[in-house]
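Chains A and F are the protein sequences, given in the same order.
For the first sequence, numbering that gives the first Met the number 0 begins at 0 and goes up steadily by one.
For the second sequence, numbering that gives the first Met the number 0 begins at 0 and goes up steadily by one.
Beta carbons are placed, not taken as given, at the ideal position from N, Cα and C, and that holds for glycine.
Keep in mind it's a predicted model, so treat the numbers as computed, not measured.
Take a look at the structure set out below.
Protein chains: 2
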Amino acid sequence: MNTTSKNNHIPRATIQRLATYMQVLEFMKKNNVEVTSSEPLASACDVNASQVRKDLAYFGEFGVRGVGYYVDYLLEAIRACLHANREWRAALIGVGNLGRALLNHQEFPRRGIRIVGAFDCDPFKIGETIYGLEIFCSKRLQEKVPKQNIELGIITTPPERVQRAADQLIEAGVKGILNFTSARIVVPSNVSVEYVDFFHQIYALTFNISTRP
Amino acid sequence: MNTTSKNNHIPRATIQRLATYMQVLEFMKKNNVEVTSSEPLASACDVNASQVRKDLAYFGEFGVRGVGYYVDYLLEAIRACLHANREWRAALIGVGNLGRALLNHQEFPRRGIRIVGAFDCDPFKIGETIYGLEIFCSKRLQEKVPKQNIELGIITTPPERVQRAADQLIEAGVKGILNFTSARIVVPSNVSVEYVDFFHQIYALTFNISTRP
Chain A
0 MNTTSKNNHI
10 PRATIQRLAT
20 YMQVLEFMKK
30 NNVEVTSSEP
40 LASACDVNAS
50 QVRKDLAYFG
60 EFGVRGVGYY
70 VDYLLEAIRA
80 CLHANREWRA
90 ALIGVGNLGR
100 ALLNHQEFPR
110 RGIRIVGAFD
120 CDPFKIGETI
130 YGLEIFCSKR
140 LQEKVPKQNI
150 ELGIITTPPE
160 RVQRAADQLI
170 EAGVKGILNF
180 TSARIVVPSN
190 VSVEYVDFFH
200 QIYALTFNIS
210 TRP
Chain F
0 MNTTSKNNHI
10 PRATIQRLAT
20 YMQVLEFMKK
30 NNVEVTSSEP
40 LASACDVNAS
50 QVRKDLAYFG
60 EFGVRGVGYY
70 VDYLLEAIRA
80 CLHANREWRA
90 ALIGVGNLGR
100 ALLNHQEFPR
110 RGIRIVGAFD
120 CDPFKIGETI
130 YGLEIFCSKR
140 LQEKVPKQNI
150 ELGIITTPPE
160 RVQRAADQLI
170 EAGVKGILNF
180 TSARIVVPSN
190 VSVEYVDFFH
200 QIYALTFNIS
210 TRP
């Protein structure tokens, strides 16, 4: 399967749409749809079919002339494009309500994301075991990250502690951070940060509901 | 403050960027930055400054020639554009770990989203009180949604129950749904759905880490 990116400048929006395409294709697969076209993928992302073809063309040629896309094949191809077809090991910092929910979230193992470390700075939480993981002091990231081959950091601290958590993760060698707090963080250019801020989606709803004719 | 949308066809990507601009502006405000330009907003969204100006131009003229943007004023303006400057009442369906975390999430009240109803179909949960809310059977949405002026539905059920939860919300009159499950849902055209699927962000990380030179 040729999924080498032809172009290093793949727009961020393309990557985000690929994740949505995956979601739509998984839905089709579950419903035993074997072949599809660009249209349902386009409509899920609110773009046109030519944008879908353009997004996929960054990575290769996946359509079959006169047929369309084989759901299973395209799904695996996109997974490979996103490097989501292997296991990734992650540390979670901030074992509050949201952190606990994520530690027990079945989608992580299902999608190859293994949360192998739980960290907090609250002395009352340190030493506690949650879903099979002992909670360690965040200061021990430096030691645990290399030992456990951790590549991703998931931050679920209160917003005022997110920068310190990010600094600790980066110092320990983590190259990608998923920030669940509402606060922005500053990181060096060799570290990637993504924000899970569901107020983006809430504001899309409040806007759509309010402006719908 | 003139924030009436000049154009009904505002791209989805613009709305999503506006939410990021808000986040950046909030960060500036917290750090006592009073005036800014398009560049920091652009860089947070990985677009160029002219895209920021274009995004804002859908709603009005917010920049001051020779000065830039007043942080406070632009923040309030964007909030008004997104209709996020008033209270919205929401119901949450699926009181599992994630649901509980959201019910107690301080960002909701802080941003004017009041979760006023908690629903589940598990008879062991129904009747329990969580963070001051009694958990009701999802069948009672029909009665509770109009009575409590609920406009938004937040779904945190297991993926296999999301469509039923969505159907119940829609039947009860909810016009916007925030879906935290990984499963796609089908809704009538007068209902808006947004997906909070943090695997979008995780895949952006796995892609970025893997393809970084």
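- Pairing leucine 91 (chain A) with isoleucine 114 (chain A) gives a Cβ-Cβ distance under 8 Å.
- In this structure, methionine 21 (chain A) lies away from leucine 55 (chain A), with their beta-carbon atoms at least 8 Å apart.
- Contact of phenylalanine 198 (chain A) with chain F is assigned, a C-beta pair being separated by under 8 Å.
- With at least 16 other beta carbons inside 10 angstroms of its own, threonine 13 (chain A) counts as buried.
- Close to arginine 88 (chain F), with beta-carbon spacing below 8 Å, lies no residue of chain A; the smallest spacing is near 12 Å.
- Spanning the alpha carbons of arginine 211 (chain A) and threonine 155 (chain A) requires a straight line of approximately 34 Å.
- Scanning its chain for C-beta atoms nearer than 8 Å, with the 5 sequence neighbours on each side dropped, one finds around serine 181 (chain A) the residues Pro158, Asp196, Phe198, in chain order.
- Look at the region 90-104 of chain F: the residues with a C-beta under 9 Å from a C-beta of chain A are Gly95, Asn96, Leu97, Gly98, Arg99, Ala100, Leu101, Leu102, Asn103, His104.
- Interface annotation for the region 32-57 of chain A against chain F: Ala43, Cys44, Asp45, Val46, criterion Cβ-Cβ distance under 9 Å.
- Nearest to alanine 18 (chain F) by alpha-carbon distance, out of F:Asp121, F:Arg163, F:His104, F:Leu81, is F:Leu81.
- For the pair isoleucine 125 (chain A) and glycine 67 (chain A), the Cα-to-Cα distance works out to about 53 Å.
- DSSP places cysteine 136 (chain A) in the strand class (E or B) of the three-state scheme.
- A distance of 8 Å or more separates the beta carbons of asparagine 178 (chain F) and valine 190 (chain F).
- For tyrosine 20 (chain A), no CB of chain F lies under 8 Å from its own CB, so it is not counted at the interface with that chain.
- Listed in chain order, the non-local C-beta contacts of valine 51 (chain A) below 6 Å within the same chain comprise Ser37, Leu40, Ala41, local neighbours out to five positions each way being set aside.
- Residue F:Val23 holds the alpha-carbon nearest to the alpha-carbon of isoleucine 184 (chain A) among F:Val70, F:Val23, F:Gln162, F:Ser188.
- Scanning chain F for C-beta atoms nearer than 7 Å to the C-beta of glutamate 150 (chain A) yields Ile208, reported in chain order.
- Contact with chain F is found for leucine 81 (chain A), since one of that chain's Cβ atoms lies less than 8 Å from the residue's Cβ.
- Under the Cβ criterion (8 Å, minimum of three pairs), the region 118-134 of chain A does not count as touching the region 120-137 of chain F.
- The beta carbon of glutamine 15 (chain F) sits closer than 8 Å to some beta carbon of chain A.
- Contact between valine 173 (chain A) and isoleucine 149 (chain A) holds, since their C-beta atoms are separated by about 6 Å, short of 8 Å.
- Inter-residue distance for isoleucine 176 (chain F) and leucine 102 (chain F) is about 16 Å (C-alpha atoms, whole angstroms).
- Identification of chain A residues near threonine 205 (chain F) by a Cβ-Cβ cut-off of 7 Å yields Leu81, His82, Ala83, Trp87, ordered along the chain.
- Contact annotation, alanine 164 (chain F) with serine 188 (chain F): C-beta distance approximately 19 Å; criterion of less than 8 Å not satisfied.
- It is roughly 15 Å from the alpha-carbon of arginine 110 (chain F) to the alpha-carbon of isoleucine 153 (chain F).
- For glycine 67 (chain A), no Cβ of chain F is located within less than 8 Å of the residue's own Cβ.
- Listed by position along chain A, the residues whose Cβ is nearer than 7 Å to that of glutamate 75 (chain F) form an empty set, because the closest Cβ is around 14 Å away.
- Here glutamine 141 (chain A) is near alanine 171 (chain A), since their CB atoms are less than 8 Å apart.
- Only those residues of the region 145-179 of chain A whose C-beta falls short of 7 Å from the nearest C-beta of chain F are listed: Glu150, Leu151, Lys174, Gly175, Leu177.
- In the same chain as cysteine 44 (chain F), and ignoring 5 residues on each side of it, the C-beta atoms closer than 6 Å to its own belong to Arg16, Thr19, in chain order.
- Excluding sequence positions up to five before and after glutamate 86 (chain F), its CB lies within less than 7 Å of the CB of Gly111, Arg113, all in the same chain and listed in chain order.
- Rounded to the nearest whole angstrom, the C-alpha separation of tyrosine 202 (chain F) and alanine 79 (chain F) is 32 Å.
- DSSP places aspartate 119 (chain F) inside the beta strand (DSSP E), whose first and last residues are 112-119.
- Note on asparagine 30 (chain F): under 16 other CB atoms within 10 angstroms of its CB, so exposed under the neighbour-count rule.
- Taken through DSSP and simplified to helix, strand or coil, leucine 81 (chain F) comes out as coil.
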